[in-house]
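Residue numbers (full-length UniProt numbering), protein chains in the order written: chain C, 1 to 240; chain S, 1 to 240.
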């Protein structure tokens with residue numbers, strides 16, 4: 001049997017203007033190759049409704065899977081979700097489960113869940129959410145199109161969420177913990193944790209916010225009890 | 001008047017498999033932005049005849065300019081020139097001027113101008129050659145499609161050759177000199193040369209061949225007499 005085929009659609013003016021260098025294409029290419037899915041085509045288009053809809057229809061019809069990156073944030077030029085809905089003739093609106101995830105996230109951070117942020121809960125009817133353990137705002141799968149964020153750390157986390165479902169493997173479960181310390185301080189204990197749980201994948205996604213360094217630690221694995229155990233240990237190492 | 005539009009077609013299995021990370025797209029995006037041409041779409045396809053021909057037709061019809069990279073080397077999977085000819089319904093064969101450039105190049109190097117290398121002189125009828133001051137084998141322009149090499153140093157040199165013709169500017173002239181010394185040895189005198197000829201662009205493209213380090217030095221400018229003067233000085237600094 002030939003390998004399944006895939007295409008990628010990168011959405012973003014900032015790539016086409018040369019301001020930002022795309023990192024997601026190279027990452028996805030490597031991950032797909034590892035699991036035996038052939039990436040056959042990549043297209044990069046601007047934040048333009050007609051261009052996105054045309055590309056989604058063409059790629060979705062020609063390949064087994066399509067992965068998109070970019071355009072699902074809170075600003076006015078984030079139009080990917082609406083374009084995917086249009087390409088599939090699906091209705092789109094704020095969905096309760098996505099809204100609840102985001103509301104809880106901003107509540108924990110003491111930030112307003114304003115109208116712009118609520119845009120990120122707009123999901124086409126019939127879609128399945130894609131877990132975002134890094135920054136919560138979910139991606140989604142509609143038909144054979146997997147819609148992911150453009151920020152590389154989030155894109156990579158979403159690829160890890162979706163890839164097992166494409167290859168018939170066991171889906172990965174994830175838990176995350178935000179630690180307000182620099183990575184240099186947590187790297188040692190984290191390496192020990194990774195050594196003690198070799199079956200789990202433990203990732204660190206650093207951030208800087210208002211001058212404070214921190215990292216989101218994401219623990220993934222197919223055995224939920226083991227993920228729980230590692231997270232309990234991690235929380236004990238770094239009490240809030 | 002709106003800016004002219006452009007698309008890029010990257011050809012190469014090695015990009016889609018994740019083995020190589022494309023560098024040309026980001027470079028071209030930046031150069032086009034500088035001169036006011038809007039890069040609207042990029043496609044990356046594999047070394048597949050139907051995929052290349054389809055993409056060339058679609059992009060050539062939709063945008064003012066199309067730049068391709070990759071697939072113009074001497075090996076069997078270098079099929080870009082044939083695909084461009086097919087897309088335009090043009091005949092393709094070994095062309096005398098391209099053949100003469102390559103024959104002289106390999107003669108200078110004491111290398112056989114064998115059948116594989118002669119493939120690089122295959123140019124569609126009606127095309128204009130694109131200067132390759134780095135490794136001689138030319139690109140070409142047919143209609144609104146500019147066919148360039150995938151090796152980044154050669155791609156960049158070809159972009160420099162073509163870009164002025166797209167914007168109505170004065171075409172750049174170039175001369176090159178191969179110097180069989182490491183870049184560390186020539187960097188000082190080269191910086192002095194660049195300082196003495198601020199109107200010229202002086203580039204160094206290092207290589208390593210059979211354990212010998214060297215560099216191709218390319219001098220570019222719109223004033224032919226000035227390019228001559230700088231090249232005479234350079235040759236005097238590093239006699240063969």
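Ideal Cβ placement from N, Cα and C applies to all residues, glycine included.
Residue range 139–142 is occupied by the beta strand (DSSP E) that includes residue 140 of chain C. Around the CB of residue 6 of chain S, 16 or more other CB atoms lie within 10 Å, so the residue is classed as buried.
For residue 70 of chain C, there is no enclosing beta strand (DSSP E), since its DSSP letter is neither H nor E. Considering only beta carbons, no part of the segment 144–156 of chain C lies closer than 7 Å to chain S. Using a Cβ-Cβ cut-off of 8 Å, residue 61 of chain S does not count as an interface residue toward chain C, since no Cβ of chain C sits closer than that to its own. The beta carbon of residue 182 of chain C lies closer than 6 Å to those of 213 in the same chain, with the five residues before and after it left out. The criterion of a C-beta distance shorter than 8 Å is satisfied by residue 173 of chain S and residue 224 of chain S. Relative to the Cα of residue 164 of chain C, the nearest Cα in the group C:31, C:118, C:23, C:17 belongs to C:31. Scanning chain S for C-beta atoms nearer than 8 Å to the C-beta of residue 87 of chain C yields nothing, as the closest lies near 17 Å away.
For residue 67 of chain S, same chain residues with a beta-carbon under 7 Å away, outside a window of 5 residues either side, are 6, 8, 28, 146, 148 in chain order. Within 7 Å of the CB of residue 26 of chain C, the CB atoms of chain S belong to 18, 21, in sequence order along the chain. Its Cα nearest to that of residue 227 of chain C, the residue C:177 stands out among C:24, C:240, C:48, C:177. Along the segment 30–43 of chain S, the positions whose C-beta sits under 9 Å from a C-beta of chain C are 30, 31, 32, 33, 34, 38, 39, 40, 41, 42, 43, read in chain order. Look at the beta carbons and you see the segment 113–127 of chain C touching the segment 85–92 of chain C: at least three pairs across the two are nearer than 8 Å. Close CB contacts of residue 142 of chain S within its chain, under the 7 Å cut and outside five residues either way in sequence, are with 84, 88, 90, 124, 126, 127 (chain order). Within chain C, no residue has its beta carbon less than 9 Å from that of residue 69 of chain S; the closest one is some 13 Å off. Within chain S, the C-beta atoms nearer than 9 Å to that of residue 46 of chain C come from 38, 39, 40, 41, in chain order.
Each of C:209, C:210, C:216, C:221 was checked against the Cα of residue 201 of chain C, and the nearest Cα belongs to C:221.
Using a Cβ distance threshold of 8 Å, residue 129 of chain C and residue 107 of chain C do not count as a contacting pair. Inclusion of residue 144 of chain C and residue 138 of chain C in the CB contact set at 8 Å is not warranted, their separation being larger than that value.
For residue 128 of chain S, there is no enclosing alpha helix (DSSP H); the enclosing beta strand (DSSP E) covers residues 128–130.
Residue 71 of chain C is a Cβ neighbour of residue 78 of chain C, given a cutoff of 8 Å. Taking all protein chains shown into account, residue 154 of chain S has 16 or more neighbouring C-beta atoms within 10 Å of its C-beta and is therefore buried. The three-state secondary structure of residue 146 of chain C, taken from DSSP, is strand. Burial check for residue 159 of chain S: the Cβ neighbour count within 10 Å reaches 16 or more, so the residue is buried. Cβ atoms of residue 24 of chain C and residue 35 of chain C stay farther apart than 8 Å, at about 17 Å.
Counting the other CB atoms within 10 Å of its CB gives residue 156 of chain S a total of 16 or more, which places it among the buried residues. For residue 213 of chain C, the enclosing beta strand (DSSP E) starts and ends at 212–221.
Sixteen is the threshold: since fewer than 16 other Cβ atoms of the shown chains lie within 10 Å of the Cβ of residue 185 of chain S, the residue is exposed. The beta-bridge partner set that DSSP reports for residue 45 of chain C consists of C:11, S:41.
For residue 12 of chain S, the number of other beta carbons within 10 angstroms of its own is at least 16, and it is reported as buried. The three-state reading of DSSP puts residue 181 of chain S in coil, since its state is none of H, G, I, E or B. Note that the C-beta distance between residue 217 of chain S and residue 204 of chain S is below 8 Å.
The beta-carbon distance between residue 111 of chain C and residue 136 of chain C, rounded to whole angstroms, is 12 Å. This is too long to meet the 8 Å contact definition. Nearest neighbour of residue 191 of chain C by Cα position, chosen from C:150, C:234, C:162, C:38, turns out to be C:234.
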